[in-house]
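> Below you will find the structure I want to go over with you.
In UniProt numbering, the protein residues as written are 1 to 356.
Right, dumping it as structure tokens:
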């Protein structure tokens, strides 16, 4: 029985997993508190985690029908993320682990997103291609054994991530925060061909192209902002639905085109799409169509497991426990800008200098 704790941003999550099976999944979000600021305020997020931690853990235990003494391990996100938010989750997880005499596992937030898919579809094929798309991360990864082998980065975002692009353009269009769901809703009534937005880094320069699987959405964001500006300089309001649909189409096109190309180039027959933007309806639909045409199996977690949650952290913890991985020391600390190399973050002493 592994309890997972997630507190890297604005969701306080607790999940319980046993042998790959999800027993409990509880999330408390502080998103409404950040909405009026148009983005996450770190101090507000940390305070919200303090208030939500105990109720969320108690609810997860109740949902699973367990007593704390029945737990076998505690896993917690130790990076990357907001420093104050991570500290709250880690402090709570340490308290639980120490008081119950349980091993503690510090895990990488993005590896948790990858593991979330196993709760719905079972063990990951070896190898598989993973596309992580969220507010802060866009990465294309070649994954063999998620908890035993290093994770190979084929490409990452060079500037704005896909979710960040959605958030920023939504604000320019006058849509509410968070921008991703707002863009998705607005796009339902729009024409994706109404605006010829660019497809960044898709020109291709042959087999030696160093950016073949990299992502860049800053220019797309700027193009959308200039399109809106053009209307307003003429004293008009832009057709928001068309702009949202065209932007969403451009993002989905770039993401799925590169992911399928990477699968083909590396002889990988399974694509796993995870992260908050994996909940976007057009990303899912275009990925399904392109994977089917290329003979690639597509795996996408359910909507509730795409965004940040404790279940995904419990899933990684469960895999680590079953693989025989050693736990972290109780003086392990956070790493707000931790690179994704392994599922378990390298333990660091409490006195270490924090990055980020």
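Here a beta-carbon is modelled for each residue, glycine too, at the ideal position from N, C-alpha and C.
1) Per DSSP, what kind of secondary structure is residue 128 in: helix, strand or coil?
2) Whose C-alpha, out of 273, 8, 21 and 325, is nearest the C-alpha of residue 119?
3) Where DSSP assigns a beta bridge to residue 153, which residues make up the other side?
4) Would you say residue 186 and residue 244 are within 9 Å of each other, going by their C-beta atoms?
5) Alpha carbon to alpha carbon, how far is residue 348 from residue 224?
6) Evaluate contact between the region 96 to 106 and the region 313 to 332, counting only Cβ atoms and requiring at least three cross-stretch pairs below 8 Å.
7) Please state if the CB of residue 242 and the CB of residue 190 are separated by a distance shorter than 9 Å.
8) Buried or exposed: where does residue 53 fall if 16 or more other Cβ atoms within 10 Å of its Cβ makes it buried?
9) Please classify residue 218: does DSSP put it in a helix, a strand, or coil?
10) Alpha carbon to alpha carbon, what distance is there between residue 132 and residue 210?
11) Report the three-state DSSP secondary structure of residue 29 (helix, strand or coil).
12) Tell me whether residue 137 counts as near the ligand NAD, meaning its Cβ is closer than 8 Å to at least one heavy atom of that ligand.
13) Check for me: the beta strand (DSSP E) holding residue 5 runs from which residue to which?
14) Given a cut-off of 9 Å on the beta-carbon distance, is the pair residue 137 and residue 6 in contact?
15) Count the CB pairs spanning the region 45 to 60 and the region 80 to 90 that are closer than 8 Å, and state whether there are at least three.
16) Please state whether DSSP places residue 351 in a helix, a strand or coil.
17) Taking a contact to mean a Cβ-Cβ separation below 9 Å, would you say residue 99 touches residue 155 in this structure?
18) Taking only three categories from DSSP, how would you classify residue 180?
19) Kindly list the residues whose CB is nearer than 6 Å to the CB of residue 121, restricted to its own chain and excluding five residues on each side of it in sequence; keep chain order.
20) For residue 356, is the classification buried or exposed, using 16 other Cβ atoms within 10 angstroms of its Cβ as the cut-off for buried?
21) Would you mind giving the Cβ-Cβ distance between residue 335 and residue 9, rounded to the nearest angstrom? I have them listed as a contact below 8 Å.
22) Using a 10 Å radius around the Cβ and a threshold of 16 neighbouring Cβ atoms, would you call residue 173 buried or exposed?
23) In whole angstroms, give me the CA-to-CA distance for residue 80 and residue 234.
24) Tell me, which residues are paired with residue 297 by DSSP?
25) Would you call the CB atoms of residue 92 and residue 57 closer than 9 Å?
26) Around the C-beta of residue 345, are 16 or more other C-beta atoms found within 10 angstroms, so that it is buried, or is it exposed?
In this structure, then:
1) Working through the chain shown from its first residue, we reach residue 128 at position 128. Three-state DSSP puts residue 128 in a strand.
2) Locating residue 119 in the chain shown gives position 119, counting from the first residue. Closest by alpha carbon: 21.
3) Along the chain shown, one-based indexing puts residue 153 at 153. Partner(s): 141.
4) Along the chain shown, read from residue 1 onward, the residue named residue 186 stands at position 186. Along the chain shown, read from residue 1 onward, the residue named residue 244 stands at position 244. Yes, these two residues count as a Cβ contact at 9 Å.
5) The count along the chain shown starts at 1 and reaches residue 348 at position 348. The count along the chain shown starts at 1 and reaches residue 224 at position 224. Reliability of the predicted coordinates at residue 348 is poor, the pLDDT of 44 falling under 50, and the value obtained from them is presented with this limitation in mind. C-alpha separation (whole angstroms): 42 Å.
6) yes
7) On the chain shown, residue 190 is found 190 positions in, with the first residue counted as 1. On the chain shown, residue 242 is found 242 positions in, with the first residue counted as 1. Cβ distance < 9 Å, so residue 190 and residue 242 count as in contact.
8) Locating residue 53 in the chain shown gives position 53, counting from the first residue. Burial call: buried.
9) Locating residue 218 in the chain shown gives position 218, counting from the first residue. Residue state, collapsed to three classes: helix.
10) Taking the chain shown and counting its residues from 1, one reaches residue 210 at position 210. Taking the chain shown and counting its residues from 1, one reaches residue 132 at position 132. Computed Cα separation, rounded: 19 Å.
11) As a position in the chain shown, residue 29 is number 29, starting the count at 1. Strand.
12) Questions concerning the ligand NAD fall outside what the structure shown contains, since it holds no ligand whatsoever.
13) Start at 1 with the first residue of the chain shown, and residue 5 comes out as number 5. Residues 2 to 6.
14) Indexing the chain shown from 1 puts residue 137 at position 137. Indexing the chain shown from 1 puts residue 6 at position 6. Cβ atoms of residue 137 and residue 6: not closer than 9 Å.
15) yes
16) Reading the chain shown from its first residue, position 351 is the one you call residue 351. Residue confidence is low: residue 351 scores 36 on pLDDT, short of 50, so the model does not pin down where it sits. Its coordinate-derived value is still stated next. In this structure, residue 351 counts as coil in the three-state DSSP scheme.
17) Indexing the chain shown from 1 puts residue 99 at position 99. Indexing the chain shown from 1 puts residue 155 at position 155. It is not a contact, given that the beta carbons lie outside the stated cut-off.
18) Locating residue 180 in the chain shown gives position 180, counting from the first residue. Reduced to three states, the DSSP call for residue 180 is helix.
19) Locating residue 121 in the chain shown gives position 121, where the first residue counts as 1. For residue 121, where only same-chain residues beyond five positions count, the Cβ hits under 6 Å are 299.
20) On the chain shown, residue 356 is found 356 positions in, with the first residue counted as 1. Because the pLDDT at residue 356 is just 33, under 50, the model does not fix this residue reliably, and the value given afterwards should be weighed accordingly. Exposed, by the Cβ-count rule.
21) Taking the first residue of the chain shown as position 1, residue 335 is located at position 335. Taking the first residue of the chain shown as position 1, residue 9 is located at position 9. Between residue 9 and residue 335 the Cβ distance is about 15 Å, and since that is not below 8 Å, they are no contact.
22) The residue you call residue 173 lines up with position 173 of the chain shown. With 16 or more other Cβ atoms within 10 Å, it is buried.
23) The residue labelled residue 80 in the question sits at position 80 within the chain shown. The residue labelled residue 234 in the question sits at position 234 within the chain shown. Taking the straight line from one Cα to the other gives about 43 Å.
24) Your numbering for residue 297 matches position 297 in the chain shown. DSSP output for residue 297 lists 270 as bridge partner(s).
25) The sequence position of residue 92 within the chain shown is 92, counting from 1. The sequence position of residue 57 within the chain shown is 57, counting from 1. Yes, Cβ-Cβ distance for residue 92 and residue 57 is below 9 Å.
26) In the chain shown, counting from the first residue as 1, residue 345 sits at position 345. With 16 or more Cβ atoms within 10 Å of its Cβ, residue 345 is classed as buried.
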